[in-house]
Structures are given as C-alpha cells and as structure tokens.
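In what follows, a single structure is set out as structure tokens and then discussed.
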Amino acid sequence: MAEKTLKGRTALITGSTSTGMGRSIALRLAAEGANIVLNYGTHRDFSTHDGGADAHARAEEVAAHIRRLGGQAIIAPGDTRSEEDTIRMVNAAEKAFGAIDILVLAAGGKWKPQPLESVTIDFWRDVMAAEVDAMFLAFKHVIPGMRSRKWGRIIVFSMNGAMTRKTLEATAADYTIGKTARTWLSLAVGHDEFENGITVNIIEPGPVGHMTLNEALAAIEHTDDAWDKRAKPVAHDAAELAAFLCSEAGRFVSQSLIRYPTDGW
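Residue numbers for the sequence shown follow the numbering used here, so the first one is 945 and each next one is one higher.
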C-alpha cells in the first residue's frame, strides 16, 4: 500500500460539501491521510443545488465517505465572511485535531455577469466580502498557528487569467476584482511567510466540469476509467494539484499561479 503523504495533517477546506472542486479536494486529501474539516456556507440558499439536497445532509454524506476511506472528518458550517464564524471554525478544527496545517479557500462569491450599472451596492459588497474579507479572516486566524509550527500549506482559488485583461471578456467586474484581490493577497502573504515554512499557491480554474459524488470517489479509488479518458477538465484535476502542493514534494512551490485549462475562457 502506498504511503499516505499527509498522515497526521489537518486540512480546513471552505466550500467543500457541494459538487465542485472543494469537495474533490477534501476527498483526495483524506485519501492521503489528512484529517478533514468540511465547511459549507450558512448564508447561502442551497435549495436549488444538487436536486434540493439539504446542505448539512450533503456534508454528512461527504464525511461518511471520508471515514470509509480511512480518514477522519468533522463538519464546521459557517459564513466565511463572518469573523465570529471563522473563529468558530478554527476552534472546532483545533479542538478535534489539534492544529490546522492546510488551508484551502474554495468558497467564493456569486458569479452573476451583468452590466455594472445593474449591480447593487449590496450585491457588490457581498461579492467583495465572500472573496476578500473571507480570505483575510481565514489568513488572520490560521496563519499564526502555522507560523508557530514552521509548516503550512495554503491554496487559494482565483479564476483563470485573473491577472490578465482577457478575463474581462468572460465575467463580471465585481467577480473579477474579487478574484484579482485574492491573487495579489496570496502573492504578498506567500512572499512574507515562505521563510516560516508556509507555502501559498493560487489555482486559477477556467470552465471546469462538476462531478457527482460517485464520480469523484471513482476518480480517487480508480474504480473506472472515466478519469483517465476525460476529454475536458473536471474537479478532480484540482484535487490532484492540491495533493501535490500539500505534499513534501511541493515544499518549495509557492506564490505560483496554476492555470487550468491553459486555454482559459
């Protein structure tokens, strides 16, 4: 049996219970032996997602599969825009597992392309809070512990080509500004914390296919060949990137912008 590269490490992954990349990353890191802290946003309306499945029920299902893979998992629901909720999530992780070694920020703002004059100030602030405030709060309350232990892995989700003008052809100004701010803050913190054993990397996905839970598990457990025969990128691609970045093999990879698919939008 292959050695589990993250045995004993703990990962807090925001936005990790729905159909996207956060869930695939949670399952993939669990397969490498990491303890997983699952999160879903308590401020979102999940009634139209996954056939109307209850958010907490989905989280419980993911946690059950992590345990079946031999891992440990807890669920820490909370609004990532809230400092109180962020502190609560961090405390829950530390109470259960002792420390947070890996932070993955997969949750983000709403993507709703529309003319700038149609954007309300409340919607603008909501997107900025979900993209930027949430990142600041997570960094503020997680990085000091990583620094004290001289080890940490941080992965932030931005968007494909966030630092290029081409992005503006495909998305909205508010969303683009939020993702660009994420990228710059990641680069700045990555520069400051590298000497403390902390790496910070940015994954910049373009259009990436979601996966059912069974598809995500099959990709991890190699129970079919759909992953090997995929024609387009899917959420598990991000999970494989994350597994590498969190491993010892990724120790000296930091402040990197990893774009996939490379042809962008």
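Glycine included, C-beta positions come from ideal geometry on N, C-alpha and C.
None of these values were measured; they are calculated from a predicted model.
Enclosing alpha helix (DSSP H) for residue i [first to last residue]
i     : result
E1038 : E1027 to F1041
A1162 : L1157 to E1165
I1044 : It is not in any alpha helix (DSSP H) - I1044 carries neither H nor E in the DSSP assignment.
G1021 : With the sequence shown as reference, residue 1021 is identified as Pro, and Gly is not the correct amino acid for it. Segment: none, P1021 is in no alpha helix (DSSP H) and carries neither H nor E.
L1060 : From DSSP, L1060 is part of no alpha helix (DSSP H); its letter is neither H nor E.
G1134 : A1117 to E1137
Close beta carbons around residue i, own chain, < 6 Å, minus the five adjacent residues each side
i     : result
G1096 : M1090 and I1142
E1192 : none
L1081 : E1027 and T1030
W1068 : D1118
G1208 : At G1208, the pLDDT of 49 sits below 50, so the modelled position is not reliable and the matter cannot be decided from this model.
L1060 : A1117
V1048 : I957, I969 and I1099
M1155 : V1178 and A1179
Beta-ladder partner(s) of residue i, from DSSP
i     : result
N979  : T954
I1015 : It should be pointed out that residue 1015 corresponds to Gly in this sequence rather than to Ile. Its beta-bridge partners do not exist; DSSP assigns none.
R1203 : E1148
G1153 : V1178
T1143 : R1097
Contact belief for residue i with residue j at Cβ below 8 Å, rounded distance in angstroms
i     : j     : result
N983  : G959  : 7 Å
I1065 : T954  : Their Cβ separation, rounded to whole angstroms, is 38 Å, which puts I1065 and T954 out of contact at 8 Å.
M1079 : R1025 : Contact doesn't hold; Cβ gap of about 10 Å is too wide.
G985  : D1023 : 6 Å
A1266 : A1175 : Look at the range of the chain in this structure, 945 to 1209, and you will see that residue 1266 is not part of it.
A1187 : L973  : 6 Å
I1019 : E1038 : Between E1038 and I1019 the Cβ distance is about 15 Å, and since that is not below 8 Å, they are no contact.
L971  : C1190 : Their Cβ separation, rounded to whole angstroms, is 14 Å, which puts L971 and C1190 out of contact at 8 Å.
Same chain only: Cβ atoms within 7 Å of residue i, ignoring 5 sequence neighbours per side
i     : result
D989  : With a pLDDT of only 44 at D989, under the threshold of 50, the placement of this residue in the model should not be trusted; the figure read from the coordinates follows. Excluding residues within five positions, none has a Cβ falling inside 7 Å.
D994  : Since pLDDT at D994 reaches only 47, below the 50 mark, its modelled position is unreliable, and no value is offered.
S1198 : G1134, F1138, T1143, V1144 and N1145
V1071 : G1053, K1054, D1118, Y1119 and G1122
S1130 : V1100, V1144 and I1146
N1140 : R1091 and K1094
Cβ neighbours of residue i in the same chain (closer than 8 Å, five flanking residues each side left out)
i     : result
Y1204 : N1104, I1147, E1148, P1149, G1150, V1152, P1177, D1181, A1182 and L1185
T992  : Annotation note: pLDDT 40 at T992 (below 50); position unreliable, coordinate value reported separately. Nothing meets the Cβ criterion.
A1162 : D1168, A1170 and W1171
M1107 : T1124, T1127 and L1201
R1011 : A1017
V1006 : S960, T961, R967, A970, L971, L982, A1017 and L1157
Bounding residues of the beta strand (DSSP E) (the contiguous stretch that carries residue i)
i     : result
R1097 : G1096 to F1101
Requested in this report: Pair every Cβ in the segment 1006-1021 with every Cβ in the segment 967-986, then say whether three or more of these pairs are closer than 8 Å.
Outcome: Because the criterion of three Cβ pairs below 8 Å is met, the segment 1006-1021 and the segment 967-986 touch.
Query raised in the report: Does the pairing of the segment 1030-1040 with the segment 1052-1066 give three or more beta-carbon distances under 8 Å?
Result: Touching, no, given that fewer than three Cβ pairs across the two stretches are closer than 8 Å.
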